[in-house]
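J.: Mind looking over this structure? Questions follow.
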Amino acid sequence: MASVSVNTGVILDMQRKLYGWSRANAHKVFTDLFNLVCDRGNLHLAWNQLSKNQGSRTPGVDGLTRRKVEERPGGVAAYLEAIREQLRAGTYTPQPVRQRLIPKPGKPGKFRPLGIPTLTDRLVQMALKNVLEPIFEADFYPTSYGFRRGRSTLDALATVQQWLRPTSAGASNVTHVIEGDIKGCFDNIDHHLLLERIRKRVQDRKVMRLIRSFLKAGIMAEGALRHPVAGTPQGGVLSPLLANIALTALDERYRRWTPVPGEPWDNACARRVKDRRRGRPLFSLVRYADDFVILVSGTREETEEEKERLATFLREDLHMELSSEKTLVTRAEDGFEFLGYRVVKEPAQLTGRLVGKLYIPKGKLQLLRDRLKRFTDRSTTGQSLESLLQSLNPLIAGWRNYYRYATGAYKAFARLDRWMWNRICLWLKKKYRTRSAHHIDRQFRRRISPTRSTWGEGEARLDLFTRGGTARYRFRGSRISNGWNDEWDGVRFYREVARNLSGFTWVGELLLKDPQA
6 MASVSVNTGV
16 ILDMQRKLYG
26 WSRANAHKVF
36 TDLFNLVCDR
46 GNLHLAWNQL
56 SKNQGSRTPG
66 VDGLTRRKVE
76 ERPGGVAAYL
86 EAIREQLRAG
96 TYTPQPVRQR
106 LIPKPGKPGK
116 FRPLGIPTLT
126 DRLVQMALKN
136 VLEPIFEADF
146 YPTSYGFRRG
156 RSTLDALATV
166 QQWLRPTSAG
176 ASNVTHVIEG
186 DIKGCFDNID
196 HHLLLERIRK
206 RVQDRKVMRL
216 IRSFLKAGIM
226 AEGALRHPVA
236 GTPQGGVLSP
246 LLANIALTAL
256 DERYRRWTPV
266 PGEPWDNACA
276 RRVKDRRRGR
286 PLFSLVRYAD
296 DFVILVSGTR
306 EETEEEKERL
316 ATFLREDLHM
326 ELSSEKTLVT
336 RAEDGFEFLG
346 YRVVKEPAQL
356 TGRLVGKLYI
366 PKGKLQLLRD
376 RLKRFTDRST
386 TGQSLESLLQ
396 SLNPLIAGWR
406 NYYRYATGAY
416 KAFARLDRWM
426 WNRICLWLKK
436 KYRTRSAHHI
446 DRQFRRRISP
456 TRSTWGEGEA
466 RLDLFTRGGT
476 ARYRFRGSRI
486 SNGWNDEWDG
496 VRFYREVARN
506 LSGFTWVGEL
516 LLKDPQA
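Following this note's numbering, the numbering of the sequence shown begins with 6 at its first residue and continues without gaps.
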C-alpha cells in the first residue's frame, strides 16, 4: 500500500481552528473554504485515509482502483496534482455512482442499496469532509453518536442505560420507549432542506456547488442511469456527514430534555426535573445516524400521541416517512432492541433497584451460529484448517469485542466456545474420513492452559469467545474527545494517534476499527 508524505499536524491544527470558531459562535458563517479543500496537504491526507480502507480496491463506474493509480506514470503525486488542477479550474465533475444491492443480515430476500463512487470522487469527498466535519461537529448534539469521531454504538447504549438508571431521587421515571425507524432514510433526504441547513454555516459558492454536484450525481444500476431528486447514496464518504446534518433537526425537536451542543448535562436534567414536577411527559432522544430511540417518562397514551406527532414532524418538516410497522411503542420493563443489543429495565442483582441491562438478543446468537455454520459446512473441507481458522478468528474477535459488555455475556461466550469446539471437531472428521478421532485430536489439539485447549494448525489457533473476559462500558457523558475539542472541553485525548483516528472508534480506553468505516 503506497502512501504519500504529508504533515498531518498542519491539517489537524486547521481542523481545530475551524471547530473552535464554530463552537465559539453558533451563528458564524464560513465563506472561504474551497482553498482548504484544494490544499495539497489535505488532498494527500485524503489519499492516505482512503488507502487504509479496503474500499480503495473497489472500482466505481470508471474501473479505477488504488493499484492502477500507483502503477501510472508519475504515480499518486501526479494523480493528486491533476485532481487539484481540475478543482481549481472548475472542470471537476463527479461521475455516476455504481449501485450494488447488499443482502440485509437476517432478512432473506431483502437488500440494502450501496452506492460506490469512483476513486476520484471518494478522494474529493474525503478532502471536503476533512474541512466540513469540524465545522458541523460543533453543531451536533451530544446524544447523537452515529458516524462521529470518537463515538460509537456503545456510547449510545451507555446513554440509554444512564437514562434508565436510578438516581438519588429514586428509580428512573422512564416508562415507555419509542423505537424509531425511518423508511429509507438515506435515500429520502431532501436536497433542498439539506442545502439550506448547510448554508447556515457555509456560504462558499464553490463548496456549495461541489456538494450539490455530489447530491445530483447519477446512479448507475443494472446498466441504466438515473438522476435522484432526493437522498445521499449509502457508501459515499460524505454521505454519513450529510445525513447527520439533515437529522440534526430531529435532535433539535427534543432539545428541551437533552443537552444542546456545548451545554453541561446538568442543565438538561434541571429542565427535566422542572417539567416532571409540573406533571408533563418527558422525551429523551438517543440517536445513532437514522437509528434512534425515544425514552418516555409518561403514560402509554402520551407515548402514542408523541409517536403520531413525530410522524407528522418527519413528514411535514423533513419530508421523510416514519415506518408505522417498525416504529414500536414498548414498556421499558418489556425490553427493546437497539444497535444489536436488547435493553431491559429490570432489578439489579445486588441492590434490587431497577436499572437498564444490556443482553445479547437470541436472534443475534442464531445469526452468528448460522454464519459460522456456513464457514464450516461440508463444502469448505477442501481448505486447510489453518486457512479456516484465519477466516473464523476475525469474526469471533469482532463479535466478542462488541458483546462483551452484555449482562451474562461470559456464559453465552462459554456456550459458543463449546459449540465452536464441537463444530470444528465435526469439520475435521469430515475432512479426514480415514483418520481416527484420537489421531485428529493428537494432531490438531493445542493446549493453551493447564485446563483449556483449542484447535490449531501451523501458526493459527482458534480464537475463543471467552478470551479477555467481559467488561462494563463506561458512560462518558457529553464530553467525548473528537480530537479537536480537548482544549475546549478538557477531555482526554491521545495526540500520538490523532492523525490516524479516521475509521477508528474509542471503546473505553481501546481504539477499535469502526465497523461502519
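Cβ coordinates follow ideal geometry from the N, Cα and C atoms, glycine included. Note that the structure is a prediction, hence the values are computed from the model and not measured.
Residue range of the alpha helix (DSSP H) that Leu-246 falls in?
T.: Residue 246 sits at position 241 when you count from the first residue of the sequence shown. First-last of the alpha helix (DSSP H) with Leu-246: 244–258.
J.: The alpha helix (DSSP H) that contains Thr-459, what's its start and end?
T.: Counting from 1 along the sequence shown, the entry for residue 459 is found at position 454. From DSSP, Thr-459 is part of no alpha helix (DSSP H) but of the beta strand (DSSP E) over 457–462.
J.: Can you grab the Cα-Cα spacing for the pair Gly-68 / Val-129, in whole Å?
T.: Translated into the one-based positions of the sequence shown, residue 68 becomes position 63. Translated into the one-based positions of the sequence shown, residue 129 becomes position 124. Rounded to whole angstroms, Gly-68 to Val-129 spans 17 Å at the Cα level.
J.: Using CA atoms only, rank isn't needed, just tell me which of Pro-139, Gln-354, Gln-100, Asp-256 is closest to Gly-120.
T.: Here residue 120 corresponds to residue number 115 of the sequence shown, with the count starting at 1. Selected option, being the one with the closest Cα: Gln-100.
J.: Could you give the distance in angstroms between the alpha-carbon of Arg-21 and the alpha-carbon of Val-212?
T.: The count along the sequence shown starts at 1 and reaches residue 21 at position 16. The count along the sequence shown starts at 1 and reaches residue 212 at position 207. Distance between the alpha carbons of Arg-21 and Val-212: 20 Å.
J.: Leu-315: which of Glu-184, Gly-368, Thr-385 sits nearest, CA to CA?
T.: Counting from 1 along the sequence shown, the entry for residue 315 is found at position 310. Comparing Cα-Cα distances from Leu-315 to each of Glu-184, Gly-368, Thr-385, the minimum goes to Glu-184.
J.: Is the beta carbon of Ala-419 sitting closer than 7 Å to the one on Thr-471?
T.: Here residue 419 refers to the residue found at position 414 of the sequence shown. Here residue 471 refers to the residue found at position 466 of the sequence shown. Yes.
J.: Are the beta-carbon atoms belonging to Val-179 and Leu-319 less than 7 Å from one another?
T.: Locating residue 179 in the sequence shown gives position 174, counting from the first residue. Locating residue 319 in the sequence shown gives position 314, counting from the first residue. No, they are not a contact pair.
J.: Which residues bound the alpha helix (DSSP H) around Ser-302?
T.: Position 297 of the sequence shown holds residue 302. It is not in any alpha helix (DSSP H) - Ser-302 instead sits in the beta strand (DSSP E) that spans 296–302.
J.: Can you list, in chain order, the residues of its chain whose CB lies under 6 Å from that of Glu-501, leaving out five sequence neighbours each side?
T.: Position 496 of the sequence shown, counted from the start, is the residue given in the question as residue 501. In this prediction, Glu-501 has a pLDDT of 36, which is less than 50 and means its spatial position is unreliable; what the coordinates show is noted afterwards. Hits under 6 Å: none found.
J.: Indicate whether Val-349 and Thr-308 have their beta-carbon atoms separated by less than 7 Å.
T.: Position 344 of the sequence shown, counting from 1, holds the residue named residue 349. Position 303 of the sequence shown, counting from 1, holds the residue named residue 308. The answer is no: Cβ separation not under 7 Å.
J.: What is the rounded straight-line gap between the Cα of Arg-206 and the Cα of Asn-406?
T.: Translated into the one-based positions of the sequence shown, residue 206 becomes position 201. Translated into the one-based positions of the sequence shown, residue 406 becomes position 401. CA-to-CA, the gap between Arg-206 and Asn-406 works out to about 38 Å.
J.: Beta-carbon within less than 6 Å of Glu-464's beta-carbon, same chain only, minus the 5 sequence neighbours each way: which residues are those?
T.: Taking the sequence shown and counting its residues from 1, the one referred to as residue 464 is at position 459. Taken in chain order, the list of residues that qualify is empty.
J.: Quick one: Cα of Ala-174 to Cα of Lys-279, how far?
T.: For the purposes of this step, residue 174 is taken as residue 169 along the sequence shown, with counting starting at 1. For the purposes of this step, residue 279 is taken as residue 274 along the sequence shown, with counting starting at 1. Between Ala-174 and Lys-279, the C-alpha separation is close to 13 Å.
J.: How is the beta strand (DSSP E) around Val-349 delimited, first residue to last?
T.: The count along the sequence shown starts at 1 and reaches residue 349 at position 344. Taken as a continuous stretch (DSSP letters only), the beta strand (DSSP E) holding Val-349 covers 346–352.
J.: Going by other Cβ atoms of all chains shown within 10 Å of its Cβ, with 16 needed for buried, is Val-15 buried or exposed?
T.: Here the question's residue 15 lines up with position 10 in the sequence shown. Val-15 is exposed by the Cβ-count criterion.
J.: Going by C-alpha to C-alpha distance, which of Thr-63, Leu-137, Thr-356, Gly-474 sits closest to Arg-409?
T.: In the sequence shown, the residue the question calls residue 409 occupies position 404. Of the candidates Thr-63, Leu-137, Thr-356, Gly-474, the residue whose Cα lies closest to the Cα of Arg-409 is Gly-474.
J.: Report all residues from its chain with a CB closer than 6 Å to the CB of Gly-461; omit the five preceding and five following residues, and keep chain order.
T.: Locating residue 461 in the sequence shown gives position 456, counting from the first residue. Beyond the five residues adjoining it in sequence on each side, Gly-461 comes within less than 6 Å, by CB distance, of Arg-451 in the same chain, given in chain order.
J.: If we count the other Cβ atoms within 10 Å of its Cβ and call it buried at 16 or more, is Pro-108 buried or exposed?
T.: Along the sequence shown, one-based indexing puts residue 108 at 103. So Pro-108 counts as exposed.
J.: What residue range is occupied by the uninterrupted beta strand (DSSP E) comprising His-32?
T.: For this step, residue 32 is matched to residue 27 along the sequence shown. No beta strand (DSSP E) holds His-32; DSSP gives it neither H nor E.
J.: In its own chain, which residues sit with a C-beta less than 6 Å from the C-beta of Gly-25, not counting the 5 before and 5 after it?
T.: For this step, residue 25 is matched to residue 20 along the sequence shown. Nothing meets the Cβ criterion.
J.: DSSP state of Lys-362, grouped into three classes?
T.: If you number the sequence shown from 1, residue 362 lands on position 357. DSSP places Lys-362 in strand when its eight states are reduced to three.
J.: For Ala-226 and Gly-236, what's the separation of their Cα atoms in angstroms?
T.: Along the sequence shown, one-based indexing puts residue 226 at 221. Along the sequence shown, one-based indexing puts residue 236 at 231. Computed Cα separation, rounded: 15 Å.
J.: Can you give me the Cβ contacts of Pro-233 inside the same chain, cut-off strictly under 7 Å, excluding the 5 residues immediately before and after it?
T.: On the sequence shown, residue 233 is found 228 positions in, with the first residue counted as 1. Setting aside the 5 residues that flank it on each side, Pro-233 is surrounded in the same chain by Ile-224, each with a C-beta closer than 7 Å to its C-beta; the list follows chain order.
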